[in-house]
Amino acid sequence: MLNSLSHSNIKKFHSELRKCQFHFDMKALHCIAFQGTRYCKPNAIKKIWDQTEKYSSDKKKRESNDQKKIDEVITTFLLFDEIGLAEQAKHNPLKILHQLLEDPKIPFVGISNWNLDAAKMNRMVMHFIPSLGHHDLINTATSIVSDKIFSNRDIKKMIKVYEEITDCKMGAFSPNGNKHFFGARDFYALVKYQATLIEPSQKRSLQGYLRNFGGLDQSKSKKKLNEILAKKLNLTKNDISQELQTLTPDIRTKKFNREKMYSITK
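Under the numbering used here, the final residue of the sequence shown carries the number 288; numbering is consecutive throughout.
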């Protein structure tokens, strides 16, 4: 869904450039993604790095042997998603990046909600994306899904919960002092998940909120999240308690599989 939105926006941007008689060709990119977690190990990062290098090298050889594709070279890059989480892993997996980034043979992109340590930041070019404002969140959410799926009221409820979480001053959602632990992508994932719920009764489910904002172990964060959900969604503590009891791991897995199979066409 988000990929489709990005693709349509890029096409629109190119169209506007052509109207101004400004045209340039963009390189074709092939992404190999790696998901960072607190359980990452150095050998896993080295393995995916080597695989990306090999894929890139083999692809260049094939393209050099095909004269028709000389002008259609596709650049392969490694995307390290949630690299900030991997930095917190007990095995110190990101240390291997120090040597890999000294003379990289492939482009490398890391996505994080907070800065890494200076040793890594000095080996990269940082692109900082500012936090979205209230109206930006509304516009993005309505662009992701059609009006037939959500009313403005539904979207504003989700935004209120998200803003309450990101603006929380108690540190309940800032593990290890990371103030931006939850970001806009968590909000987009919430919108995407809620869009898979068809029945009105399903739309009142807390599964999407708990899945995207309930991943912290501290009792303080769970208590604060329940307070926010009760306040912003007009629920009682009993409503939330009953919902939590019905969300067993088996049910969560089934709902996750349903979401993977669901697609939205605008």
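Think of the CB as a built atom: it goes at the ideal place given N, C-alpha and C, for glycine as much as any other residue.
Three or more C-beta pairs below 8 angstroms linking the region 180-193 and the region 150-165: Here the region 180-193 lies against the region 150-165, with 3 or more beta-carbon pairs under 8 angstroms apart.
Sequence-distant residues of the same chain with beta carbon closer than 8 angstroms to Ile262, five excluded per side: Walking along the sequence shown from the start, residue 262 turns up at place 240. Around Ile262: Leu228, Asn248, Leu251, Ala252.
Extent of the continuous alpha helix (DSSP H) to which Gly230 belongs: As a first step, residue 230 is located in the sequence shown; it is residue number 208 there, counting from the start. That run of the alpha helix (DSSP H) goes 229-235.
For Met180 and Leu255, the rounded distance between their alpha carbons: As a position in the sequence shown, residue 255 is number 233, starting the count at 1. As a position in the sequence shown, residue 180 is number 158, starting the count at 1. Computed Cα separation, rounded: 9 angstroms.
Segment limits, beta strand (DSSP E) that includes Asp103: If you number the sequence shown from 1, residue 103 lands on position 81. Element bounds for Asp103: 96-103.
Nearest to Phe204 (by Cα), restricted to the options Asn135, Asn65, Ile105: Taking the sequence shown and counting its residues from 1, the one referred to as residue 204 is at position 182. The shortest C-alpha separation from Phe204 is found at Asn135.
Which of helix, strand or coil DSSP assigns to His202: Mapped onto the sequence shown, residue 202 falls at position 180. His202 falls in the coil class under three-state DSSP.
Environment of Tyr231 [buried if 16+ CB atoms lie within 10 Å]: Numbered from 1 along the sequence shown, position 209 holds the residue referred to as residue 231. Buried.
Terminal residues of the beta strand (DSSP E) in which Ala50 lies: To locate residue 50, count along the sequence shown from 1; it is residue 28. Start and end: 50-57.
Residues of its chain near Leu122, where Cβ-Cβ distance is below 7 angstroms and the 5 sequence neighbours each way are ignored: Your numbering for residue 122 matches position 100 in the sequence shown. Result list for Leu122: Trp71, in chain order.
Those residues which DSSP pairs with Gly132 across a bridge: Numbered from its first residue, the sequence shown carries residue 132 at position 110. Residue pairing by DSSP places Gly132 opposite Phe102 in a beta bridge.
Integer Cβ distance of Cys345 from Leu101, believed to fall under 8 angstroms: Given a span of 23 to 288 for the chain in the structure shown, any question on residue 345 remains unanswerable.
Beta-carbon proximity check, Gln15 vs Asp103, cutoff 8 angstroms: Residue 15 is absent from the model: the chain starts at 23 and stops at 288.
Spatial neighbours of Arg233 in its chain, beta-carbon cut-off 7 angstroms, leaving aside the 5 residues before and after: The sequence position of residue 233 within the sequence shown is 211, counting from 1. Here the set comprises Tyr215.
Straight-line Cα distance separating Leu219 from Asp272: Numbered from 1 along the sequence shown, position 250 holds the residue referred to as residue 272. Numbered from 1 along the sequence shown, position 197 holds the residue referred to as residue 219. Note that Asp272 has pLDDT 47, beneath the 50 cutoff, so the model's placement of it is unreliable and the number below is only indicative. C-alpha separation (whole angstroms): 18 angstroms.
Nearest residue (CA-CA) to Lys178, options Ile160, Ile67, Phe35, Leu212: Locating residue 178 in the sequence shown gives position 156, where the first residue counts as 1. Among Ile160, Ile67, Phe35, Leu212, the Cα nearest to that of Lys178 is on Ile160.
Coil, strand or helix - Val183 by DSSP: Along the sequence shown, one-based indexing puts residue 183 at 161. Note: Val183 maps to helix in three-state DSSP.
8 angstroms Cβ cutoff met for Lys76 and Ile96: Mapped onto the sequence shown, residue 76 falls at position 54. Mapped onto the sequence shown, residue 96 falls at position 74. No. Outside cutoff.
Inter-residue spacing [alpha-carbon to alpha-carbon] between Met143 and Lys69: As a working mapping, residue 143 is identified with position 121 in the sequence shown. As a working mapping, residue 69 is identified with position 47 in the sequence shown. Answer to the nearest angstrom: the Cα atoms are 22 angstroms apart.
Buried versus exposed, by CB contacts within 10 Å (16 or more), Thr98: For this step, residue 98 is matched to residue 76 along the sequence shown. Classification for Thr98: buried.
Selected residue, minimal CA-CA separation from His120, among Ile32, Ala141, Lys244, Ala111: Against the sequence shown, residue 120 aligns to sequence position 98. With distances taken between Cα atoms, His120 lies closest to Ala141.
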